[in-house]
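Chains as they are written, first to last, in this note's numbering: chain A, 1 to 329; chain B, 1001 to 1322; chain C, 2001 to 2333.
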Amino acid sequence: MLSKLKENKFFSSHEFYMSIALVALAIFFGIGTDGLFLTPSNLLNMVISYSYLGIMAMGMLVVIISGGIDISFMVTATISQYIMAKFMLEFAGANLVTSILLSVVIGVGLGLVNAVLVHYLKAPTLIITIATMSIYFGLLMYLTNGVRLFSFPAWFSAKTDAKTTGVALGLLAVAVVITFAIMKFTKMGRKIYAIGGNIDAAKRVGINIFLVHLFVYGYVGAMAALGGVVHLYLVQQAAPNALYGGEMDVIAMAVLGGVNLAGGKGSVGGTLIGMLLVATLSNGLLLIGVSSYWQDFFIGAVILISFCFSGWRNIKNREKESKGGKLDD
Amino acid sequence: MTEKLKKLTTAQGDNLLLLLILAVAVTLVSMKQASFFSFGTLQSICYQLPEMGLLTMAMMAAMLSGGINLSIIASANLSGIVMAMIMTTYIPKGEDNVGIVLGAVAVGILLSVLAGFINGVIIAYFKIPAMLVTLGMQMLLNGACLVITKGATISGYPATFKFLGNGKLAFIPMPFVVFAIALIILVVLLKNTPYGPKVYLYGSNDVATGFSGVDDKALLIKTYTISGLLVGLAAVILTSRFNSAAAGYAESFLMQSILIAVLGGISPDGGKGKVSGMVLSVIIIQVVASGLNILRISSYLTTAVYGIILLAAVAFRSKKTG
Amino acid sequence: MTIKKILAVLLCVAMLAVGFAGCGEDPAPAGDGDYEIAVVVKVLGIPFFNVLGEGVEEAAADLGVNAYVTGPTDADPAQQVKIIEDLINTGVDAIVVVPNDASAVEAVLDRAREQGILVIANESPNQAGADYDVEMIENKKFAEEIAEDFAQRMGGEGGYALFVGGLSVPLHNTWADYVNEYLAANYPDMYEVTDRIPCGEDSADARTKTLELIATYDDIKGVCGFGSQGPLGAAEAVKEKGLVDSFVVVGNIVPSEGAAYLAEGSIDQGYLWDPSDSGYAAVYTAWHILEGGSVTDEGFEVPGIGAPDIVEGVLSYHKPLVITAENASELGF
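Written as structure tokens, this is what we have:
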């Protein structure tokens, strides 16, 4: 019975172990805060507050599965958010749909620039996106001079608990569902996994790499923009330098969720778990009274430990492979 | 003509090209600022250059092996903080104690070496990409900085320590002396020891190198440990020059070190890059930075310019390798 | 020798020649009469320093000096040091600096003064290496006035939390210390529910932290936020929880940003000073000294601002701004 369980894909997957870790953490914090951590209102608040990062993590997931990475997404989110804010302030006819659409279009546009550069420059995507991040951010700050936009029309700024929950969780759900559908059910999704796993083989099979790149980096841009919309709704202010520097949290979410940087591996569920892990750590530490100073330290430690863990499992997999056994996921 | 241009773009012509870029940069700057090479400015550059140079060397060491080290700044900050704590705890303000200072410096450098070592071990044994490991390490070390300092800064160091970053040996600024020594060691390591060829080989093709009998685990660990050592040296210079240590200093230097390395011919995929190119590149960026400052160009525009230079450097180098 | 090597040598020689062409000349500007005063702020692109810049521009126009604002892209002391070093190399007449970290700039400011550059600090009383420091508020008084108002609004008792921009921002933490001291001495029934939280410059963070505080501590009744974004985020949180009338939010705000919140009561009161005053006063003081005057001259005062209180090189003009629902939109920034 136990060996049957071991053979089951889910129970030996990275996602499974991460869920265990999540549950363990949740219990730990629940006990440490006399149940406060586990109250529905706290959990709800926590998820809402981190929802915009979770949306961005969906985009990050896709890009990492394709074998690349994009560090410029936060700035992309900021630019699309800023332009959307300006749009809402200056066009009387603006409404929620047109505003969100505008933001996503800009996000996609910026992402496409990355796609072209990644495809034609043949350099590590990390370095290319570091360069575009610097260019985008430098120009953004220079042109806006840091001026913040606020006081949005009532249809955007009149928040209630219900509305906030709806917007944050709603858009998160949209992002999760769309990402899941694409990666699991469409040809593009399979192509993305293929490129990530072995780009030469993918080429030989006739996959149009350029198109896939366009899609992937455009998607990151779209998710970044969507996350930016939620962020804007929550804080009701568009500041050009607000999001910058928060890239680590999003990457941590994807990484903890089991995405494999070599590409070709990763799941939406895993990334969601990653998001909950990061949120839980931050929220939980604050609630049990651990000073904020420890947050980065703990998250960094958890990440490194999870690396050692998944690395160790990879090695065991390879041993199994050479011995001809069945692989864990 | 195109033949000559092609010659300029071969691997050997690399340094020549950088020299050309440097000449252009210096000329442009001198047009606005007649006395750019005044003794004062040169001295100033000799004070500013070494810290960037050492950090770039740390980055270069990792890149040669096909990896990257994103934790260099966090590690430098932590070492700086620990050195600062030791000195301020055991040496009363205003006094000096060479022994303790040297001890603190040793601890600081050892700490960076240890961080590098751990990076290397995780990368080598758990086979996780360097980018991710050093990213996680960066978070951990930053966190450690915050935990120790609780956000405060630690400042006020004894004269011996200040000398390391601000003093002169003969008339050469001390930081430059440290930099020069580190350069010599790195060059010797890469050219005259078995480590050199091995790391270049590994950088170009890690799988083949593994098969050829090279112990790649040991190689990776050595690489990141060396990177850590260079970070430690940079930490001493930085902390001494700024006369204070805290979490979060110099974060923008990370991107700059990557820029300088790539511009200097270090291939981010690994296996290529010479120290001479890197040195030229450090000088070029220093001149560019000063030039942009002289032209009173906004720091934000400067950031964008760096991004463009990085793209240009990457584009140029990738064309060469086809 | 190959062509390449010859080319290389030629290039080097040319570079040195061009570079040294002006050697021996003073790095100081060509002396066209205009003083050059560089104002190095903590970080560019923050509304607070944009407004400070307006004060600098006004002074430049009034006095006929070349005064401008420059600064780093992060609130990073290391970047500030580099900027000041480059300014020294290019020869300015005076440097005004709002330091991210007082100790980090000490050495470079000393070097500036060695080159004959006048150094004036702002938001850094007793800055080593500076000739003078200009303050628009007196820190202790400022913090205590805030503490008193905060206590009044809290009814003299209950739990509170403090926000700061960062755990190493000197001014915020100094004020936080004074606030805690004052409250402990005068309102012992008020207490901090947890350590100060570094979210003062990030409104999203402040919102999240405020929500967490409300959820964790039943007894928390108010937040005092240093760092102009803290109260904004806190106000959003308070609104979402429907606590506008019972929860006190005070702190630093940029008036225009806080106006709407003040009007609806989610922020109870804001405190700051007019940064354009700081910019103007610093440049004016620099000009006065460059022209050969001294701050101890009889009747020395900054037009529109007044005469300073001078204590050991620190020139303070205690001109705090209390920002309320009534005046928020009138203050011009």
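Just so you know, even glycine gets a beta-carbon here, dropped at the ideal spot from N, CA and C. Model, not experiment: these values are computed from the prediction.
So what does DSSP say about residue i, is it helix, strand or coil?
i                   : result
Lys-2042 of chain C : coil
Asn-2100 of chain C : coil
Gln-2115 of chain C : coil
Leu-1189 of chain B : helix
Pro-2125 of chain C : coil
Asp-2177 of chain C : helix
Glu-1095 of chain B : coil
Tyr-1195 of chain B : helix
Ser-2316 of chain C : strand
Ala-239 of chain A  : coil
Tyr-1202 of chain B : helix
Lys-2221 of chain C : strand
Ser-1244 of chain B : strand
Ser-2278 of chain C : helix
Ser-134 of chain A  : helix
Ile-27 of chain A   : helix
Ile-1266 of chain B : coil
From the DSSP output, read off the bridge partner residues of residue i.
i                   : result
Thr-2070 of chain C : C:Val-2040
Asp-70 of chain A   : Partner(s): none; Asp-70 of chain A has no beta bridge.
Pro-1173 of chain B : B:Lys-1168
Asn-1127 of chain B : Before going on, a small fix: residue 1127 of chain B reads as Lys here, not Asn. DSSP, once it has assigned bridges, lists no residue as partnering Lys-1127 of chain B.
Asn-260 of chain A  : A:Lys-265
Leu-149 of chain A  : A:Ala-238
Leu-2272 of chain C : C:Leu-2321
Phe-2094 of chain C : First, the amino acid is wrong: residue 2094 of chain C is Ala here, not Phe. According to DSSP, Ala-2094 of chain C bridges with C:Ile-2037 and C:Leu-2118.
Gly-2306 of chain C : C:Val-2302
Ile-1154 of chain B : B:Ala-1245
So the beta strand (DSSP E) residue i belongs to, where does it begin and stop?
i                   : result
Phe-2163 of chain C : 2158 to 2163
Gln-2229 of chain C : Run containing Gln-2229 of chain C: none; DSSP gives neither H nor E here.
Pro-2320 of chain C : 2320 to 2323
Met-2190 of chain C : 2190 to 2192
Asp-2309 of chain C : 2309 to 2311
Glu-2135 of chain C : 2132 to 2135
Gly-2251 of chain C : 2248 to 2251
Can you list, in chain order, the residues of its chain whose CB lies under 6 Å from that of residue i, leaving out five sequence neighbours each side?
i                   : result
Tyr-2182 of chain C : Glu-2144 and Ala-2147
Ala-2121 of chain C : Val-2097, Gln-2127, Ala-2130 and Asp-2133
Leu-53 of chain A   : Asp-249 and Val-250
Leu-25 of chain A   : Thr-280
Tyr-1224 of chain B : Gly-1116, Asn-1119 and Gly-1120
Ala-2263 of chain C : Ala-2325
Skipping 5 residues on each side, what residues in its chain have a beta carbon closer than 7 Å to that of residue i?
i                   : result
Gly-218 of chain A  : Val-108, Gly-111, Leu-112 and Ala-115
Ala-2028 of chain C : Note that Ala-2028 of chain C has pLDDT 43, beneath the 50 cutoff, so the model's placement of it is unreliable and the number below is only indicative. For Ala-2028 of chain C, where only same-chain residues beyond five positions count, the Cβ hits under 7 Å are Gly-2091.
Ser-1156 of chain B : The identity of residue 1156 of chain B in the sequence shown is Gly, whereas the question assumes Ser. For Gly-1156 of chain B, where only same-chain residues beyond five positions count, the Cβ hits under 7 Å are Thr-1088 and Lys-1093.
Ala-2067 of chain C : Ile-2037, Val-2039, Val-2056, Ala-2059, Ala-2060 and Val-2283
Should residue i and residue j be called a contact, given that it needs their Cβ atoms to be closer than 8 Å?
i                   : j                   : result
Gly-245 of chain A  : Gly-258 of chain A  : no
Met-58 of chain A   : Val-268 of chain A  : yes
Met-1255 of chain B : Met-1060 of chain B : no
Cys-2224 of chain C : Tyr-2160 of chain C : yes
Ala-2215 of chain C : Leu-36 of chain A   : yes
Asn-314 of chain A  : Lys-1222 of chain B : no
Pro-240 of chain A  : Thr-144 of chain A  : yes
Phe-2226 of chain C : Gly-2200 of chain C : yes
Gly-2156 of chain C : Tyr-2191 of chain C : no
Ala-2078 of chain C : Asn-1166 of chain B : no
Return the chain-ordered list of same chain residues with a C-beta closer than 8 Å to the C-beta of residue i, the five sequence neighbours on each side being excluded.
i                   : result
Glu-247 of chain A  : Ile-71, Phe-73 and Met-74
Leu-1022 of chain B : Leu-1280, Ile-1283, Ile-1284 and Val-1287
Met-18 of chain A   : Leu-256, Gly-257, Gly-258, Gly-270, Ile-273, Gly-274, Leu-277 and Ser-306
Just to confirm the assignment, what range does the alpha helix (DSSP H) spanning residue i have?
i                   : result
Val-1279 of chain B : 1275 to 1294
Gln-1138 of chain B : 1130 to 1149
Leu-110 of chain A  : 96 to 121
Gly-35 of chain A   : Per DSSP, Gly-35 of chain A belongs to no alpha helix (DSSP H) and is neither H nor E.
Val-2065 of chain C : Per DSSP, Val-2065 of chain C belongs to no alpha helix (DSSP H) and is neither H nor E.
For residue i, is the beta carbon positioned less than 7 Å from some heavy atom of the ligand GDP?
i                   : result
Lys-1162 of chain B : The ligand GDP is absent from the structure shown, which contains no ligand whatsoever.
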